[in-house]
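Under numbering that gives the first Met the number 0, residue 54 is the last one in the sequence shown; the count climbs by one each step, no gaps. Notes to accompany the following structure.
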Amino acid sequence: MKKNSKVAGFAIDNYIARGSKINFRADIKEIEGKDIARRGRIPGAKISSRLDRIF
Numbered sequence: 000m001k002k003n004s005k006v007a008g009f010a011i012d013n014y015i016a017r018g019s020k021i022n023f024r025a026d027i028k029e030i031e032g033k034d035i036a037r038r039g040r041i042p043g044a045k046i047s048s049r050l051d052r053i054f
């Protein structure tokens, strides 16, 4: 990946109250307009009203 590339992705986290376990997952879905994904994942940016743009 080149420096200052435009990247589309999403992150999911969860936690257990009063516990020490913290899970976090992030997937990069697009780089410089090209759809990408890990094996077994669907490539490309996802349109969802539940996702927020963070920057």
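From the three backbone atoms N, C-alpha and C, an ideal C-beta is built for every residue, glycine too. Since this is a predicted model, take the numbers as computed values, not measurements.
Using the Cα positions of residue i and residue j, report the straight-line distance between them to the nearest angstrom.
i, j, result
"residue 41", "residue 32", "15 Å"
"residue 45", "residue 2", "23 Å"
"residue 5", "residue 39", "23 Å"
"residue 105", "residue 51", "Because the chain spans 0 through 54 in this model, residue 105 falls outside it and cannot be assessed."
"residue 26", "residue 48", "18 Å"
"residue 30", "residue 24", "18 Å"
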